[in-house]
Amino acid sequence: MRTFLVAAVAAMAAAVTSTQVPKLDQDILKTHTVPAPNAVEFDKLLAEKDVVFAKSLAPTWKQLSAAFSVLDNAAVVHIDCDKHESLCTSHGIEGFPTLKLYRGTKFEEYEGQRSVGALSDFLVNRVDAPIHNFGTDPSSPPPTPVLNALLVVGLTFLVGFSLAGYLLFFRPGRKASPPAFFSQPDTSTVRPGHGAVYKVGSFPNPQASLLEVLETAVVTNGDGAFLGRRRFDAAGNAGPYQWDSYAAVYDRIRNLSAGLQHENMIDPTPGDGRRLLCIYMKNCPEYVVAQYAAFYAGGAFCALYDTLGASSTGFILSQTQGSTVICTTSELKAIVQVKASAPTLRHVVVCDVVIKAQADLDLCGQAGLQLWTMRELELVGTKHPRPATYPKVSALSFLMYTSGTTGDPKGVEITHANILACAAGAKDRLNRGDGAVCFTPASIHLSYLPMPHILEQIVQSVMISAKGRIGFYQGNTLKLTEDLVELRPTHFVTVPRLLNKIYDKVIQAGGSSSSGGGIKGWLFKRAVQTKLANLKQGYQAHPLYDKLVFSK
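Numbering (mature numbering (1 follows the signal peptide of the UniProt record, and there is no 0)), first residue to last: -19 to -1, 1 to 533.
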């Protein structure tokens, strides 16, 4: 007497699923009869299922047959060779202890233990995708292989879609913490019936000048990159950023200051005795060199800029009694034109050329001005070095003229303490919370907001105190996005008007391929929407979109 197990191969194997041993229903076991097919029925089983046969292990074999009877593609059957001798002969069924698993006309010999557990494990490992018949409607036809395949594909799609949704909407677990508020009691305000008044004390009062802050960065990070610019080729195309170190920039500052002092170009002005250096140019490394050269001499600088107008430039030079203006050749003509209204003006220093053009020499000579290059004065300084004259923290650092609402520009006196206090507040606020540290030696700042304005001065002082890098734009705000892509700053300081322009360019660039639809355009829009929603919730990073979309 022989016993057989029949199991069908699934229409589609599910790689991500695993077969489990069917749970044995005791009610089924009580009423279950091991099928005993004849030759015709057995051939039909071979065509539809995989067949395993063995010597009867009753009642073990009945338990095994009942357990797998819940599967439509598996069946344990009983073959009686005494009744079906031709069946056993045609299929090579031999006596005990032979046990075979049939897959169609092919078979596999089983040589393990004859226990329910061992046999179940053997069968489970070979039934890749069992088809369950739950018997909810006996009159309904059993599932077809095509239907089962569709179910597997649908389930796989659902799992994949859910996973994709999780990635698309995933928010990192670390949020930027809000700033902590500090206060300290002012005991001098205590009086009967009233306690101390609490005042903000989140950062200490500045104890050093801007020059000393820079010197600290030079000592601790002398070889680190400091000021960067993009050089232009013969065709006018901007190249990659090139950097000068903190030590190299400080050498230029020291030499320029010594040269200015040696040539009496930053002498104390009559009346208040201040040493004042006027600067008139767009943001560039030489602007920083010039203003810190004034600090090195114990003086301050006064900013001139186009938006005030030519008449305002003459007014400022006259009111400040400035004797020297550092500029580029682009501003040279404007300076010469206002010479008549600035009688104290004697020197003009151009920083964007090494050799002075004869036309510029003639132009300045006719106006009674002496023309220098910054390089000339730096060479003078190397031959006539001067020690630093450190300004007090309460001393003037920056004379900032504003347009005002009426009349002539108004000069606002900004001290070293003013700038450093604002810088300390910004650093204290922005360097708080996980993932919110803006200012470190690895930080990169794009300088394009006018340096005559206080915001850019504050940010640059923060960057210097953090020993970070400052990269300057090309001088054209229309190409600002090109500079952003090339520099890749770690933060972006801006104002609403420029931010709107940049936003429009970014959206236009990201959505150019999506104007007519498409996956790329949809992905960009989805990334922007998700990023904005996350930022409102305090999440600054997105593991998928930052790499897939915003890093491009």
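Backbone N, C-alpha and C fix where the C-beta goes; we use that ideal spot for every residue, glycine too.
Identity of the residue in the options nearest residue i by Cα
| i | options | result |
| --- | --- | --- |
| Leu358 | Ile234, Gln7 and Tyr382 | Ile234 |
| Ser96 | Lys517, Ser169 and Lys43 | Lys43 |
| Val374 | Asp389, Ala291 and Gly280 | Gly280 |
| Ala229 | Ala219, Ala215, Leu195 and Met262 | Leu195 |
| Glu405 | Thr386, Tyr231 and Gln438 | One point to set straight first is that residue 405 is Ala, not Glu, in the sequence displayed. For the residues Thr386, Tyr231 and Gln438, the minimum Cα distance to Ala405 belongs to Gln438. |
| Ala348 | Ala321, Ile336 and Ser304 | Ala321 |
| Leu459 | Ile483, Val474 and Leu436 | Ile483 |
| Asp253 | Phe103, Gly303 and Asn19 | Gly303 |
| Pro366 | His13, Ser190 and Asp232 | Asp232 |
| Ser400 | Ser384, Val440, Thr386 and Thr387 | The identity of residue 400 in the sequence shown is Ile, whereas the question assumes Ser. Here the closest residue by C-alpha is Val440. |
| Leu480 | Leu461, Leu504 and Gly220 | Leu461 |
| Val329 | Val270, Tyr261 and Asn186 | Tyr261 |
| residue 547 | Asp63, Asn218, Arg327 and Thr387 | Shown here, the chain extends from -19 to 533; a query on residue 547 therefore has no answer. |
Beta carbon of residue i nearer than 8 angstroms to that of residue j
| i | j | result |
| --- | --- | --- |
| residue 534 | Ala376 | Here the chain covers residues -19 to 533 and nothing more, so residue 534 does not appear. |
| Ile425 | Arg478 | no |
| Ala17 | Val58 | yes |
| Leu360 | Asp341 | no |
| Cys332 | Glu267 | yes |
| residue 539 | Leu258 | Since the first residue of the chain shown is -19 and the last is 533, residue 539 is not available in this structure. |
| Pro433 | Leu192 | no |
| Thr354 | Lys337 | yes |
| Val317 | Leu344 | yes |
C-alpha distance - residue i paired with residue j, whole-angstrom precision
| i | j | result |
| --- | --- | --- |
| Thr363 | Leu237 | 9 angstroms |
| Tyr520 | Ala402 | 29 angstroms |
| Arg210 | Trp224 | 7 angstroms |
| Leu427 | Phe138 | 45 angstroms |
| Val443 | Leu144 | 43 angstroms |
| Leu411 | Tyr429 | 20 angstroms |
| Val15 | Phe49 | 11 angstroms |
| Asp61 | Ser101 | 22 angstroms |
| Phe213 | Val140 | 53 angstroms |
| Lys180 | Ser169 | 12 angstroms |
| Lys391 | Leu380 | 10 angstroms |
| Asp464 | Tyr454 | 6 angstroms |
| Lys448 | Gly346 | 42 angstroms |
| Phe296 | Asp389 | 8 angstroms |
| Gln300 | Pro324 | 10 angstroms |
| Ala275 | Asp485 | 40 angstroms |
| Thr70 | Leu131 | 40 angstroms |
| Thr471 | Cys419 | 7 angstroms |
| Val335 | Ile451 | 24 angstroms |
| Glu66 | Val134 | 44 angstroms |
| Leu136 | Phe142 | 10 angstroms |
| Asp409 | Ser446 | 12 angstroms |
| Thr12 | Ala55 | 18 angstroms |
| Pro251 | Gln339 | 33 angstroms |
Own chain, CB closer than 7 angstroms to residue i, minus 5 neighbours either side, in chain order
| i | result |
| --- | --- |
| Ala278 | Ser238, Leu241, Gln242, Ile247, Arg256 and Thr370 |
| Thr294 | Leu285, Ala315 and Val319 |
| Asn202 | Tyr227, Pro422 and Lys448 |
| Ser495 | Since pLDDT at Ser495 reaches only 48, below the 50 mark, its modelled position is unreliable, and the value read off the structure follows with that caveat. If we look at Ser495 and ignore the five residues flanking it on each side, its Cβ neighbours are Lys501, Gly502, Trp503, Phe505 and Lys506. |
Spatial neighbours of residue i in its chain, beta-carbon cut-off 6 angstroms, leaving aside the 5 residues before and after
| i | result |
| --- | --- |
| Val200 | none |
| Asp118 | The predicted model places Asp118 with a pLDDT of 43, which falls under 50 and marks its position as unreliable, so this point remains unresolved. |
| Ala508 | Tyr526 and Val530 |
| Lys263 | Gly456 |
| Ser46 | Val15 and Val57 |
| Val171 | Ala177 |
| Gln351 | His328 |
Paired residues, beta bridge with residue i - DSSP
| i | result |
| --- | --- |
| Phe213 | Ala219 |
| His328 | Thr305 and Gln351 |
| Ser180 | Note on residue identity: the sequence assigns Lys, not Ser, to residue 180. Answer is Gln165, bridged to Lys180. |
| Asp225 | Leu208 |
| Tyr382 | Gly392 |
| Pro249 | Arg256 |
| Cys283 | Cys259 and Leu380 |
| Phe453 | Ser428 |
| Val15 | Bridge partners of Val15: none, in fact. |
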